[in-house]
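If you count the sequence shown from 1, you need to add 434 to reach the numbering used here. Where a beta carbon is used, it is the ideal one built from N, C-alpha and C, also for glycine. Computed from a predicted model, the values in this text were never measured in an experiment. First up is the structure itself, then whatever we jot down about it.
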Amino acid sequence: MDPLAAAAIEARQRARAPFSGFQVGAALEDEEGRIFTGCNVESASYGLTVCAERNAVFRAVAEGARRFRRIAVAADTDVLTPPCGACRQVLWEICGDIEILLVNLKGASESMRLSSLFPRPFDANFLD
Ligand code: THU
Numbered sequence: 435m436d437p438l439a440a441a442a443i444e445a446r447q448r449a450r451a452p453f454s455g456f457q458v459g460a461a462l463e464d465e466e467g468r469i470f471t472g473c474n475v476e477s478a479s480y481g482l483t484v485c486a487e488r489n490a491v492f493r494a495v496a497e498g499a500r501r502f503r504r505i506a507v508a509a510d511t512d513v514l515t516p517p518c519g520a521c522r523q524v525l526w527e528i529c530g531d532i533e534i535l536l537v538n539l540k541g542a543s544e545s546m547r548l549s550s551l552f553p554r555p556f557d558a559n560f561l562d
């Protein structure tokens, strides 16, 4: 198995999802091959919940990573789970047009570019 997919599946086991029961793991690979993982962490407020993908991105930035290649997203769904809209925005701004590798626990996988999921982004270019 792709080590990035394996890291996302392992990270999923650390999800804190007592309200939805929906556990997600993410693993982000930087240009040097370092891997930063994240899981979803839910709040009783619901709105303060943070997805696995954003936790992986924020952790990577906090560890000093700046340029990225791929992110793997793991969930236990037959239809592979893609990043939510908020995560697409953050991934675009921090990581650019990276490869997204979606995986489930049965070994299914699919990869795509972020630009195919998020075709007309708002970003810092509009603020110039
Ligand atoms: N979630 C993620 O962590 N990533 C996704 O790609 C989809 C949704 C989380 C947020 C929440 O904790 C739970 O899954 C249900 O929406």
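Nearest neighbour of residue i, chosen from the options [CA to CA]
i	options	result
LEU539	THR511, ARG503 and THR471	THR511
ARG446	ALA496, VAL537, ALA490 and ALA509	ALA509
ARG493	CYS529, PRO516, SER479 and PHE560	CYS529
VAL475	GLY498, ALA496 and ARG448	ARG448
THR515	ALA499, GLY459, LEU561 and ALA496	GLY459
ALA520	VAL495, ASP557 and LEU535	ASP557
ARG488	THR471, LEU535 and SER479	THR471
TYR480	PRO452, SER545, ARG500 and GLU465	PRO452
ASP436	PHE560, ASN559 and GLU544	GLU544
CYS473	VAL513, PRO517 and PHE560	PRO517
Buried or exposed by the 16-neighbour rule on C-beta atoms within 10 Å, applied to residue i
i	result
ARG450	exposed
GLY455	exposed
GLY467	exposed
CYS485	buried
GLU497	exposed
GLU463	buried
ALA478	exposed
Contact belief for residue i with residue j at Cβ below 8 angstroms, rounded distance in angstroms
i	j	result
ARG522	LEU482	Not a contact, Cβ separation roughly 19 angstroms.
ALA542	ILE505	Going by Cβ atoms, the distance from ALA542 to ILE505 rounds to 17 angstroms, so no, they are not a contact pair.
VAL507	ALA442	6 angstroms
Contact check, residue i vs residue j, beta carbons under 8 angstroms
i	j	result
PHE502	ILE532	yes
ASN491	VAL524	It should be noted that the sequence gives Val, not Asn, for residue 491. Contact flag set, yes.
PRO553	TRP526	no
LEU551	LEU438	no
Beta carbon proximity, residue i to chain B, threshold 8 angstroms
i	result
ALA439	The structure shown contains no chain B, having only a single protein chain.
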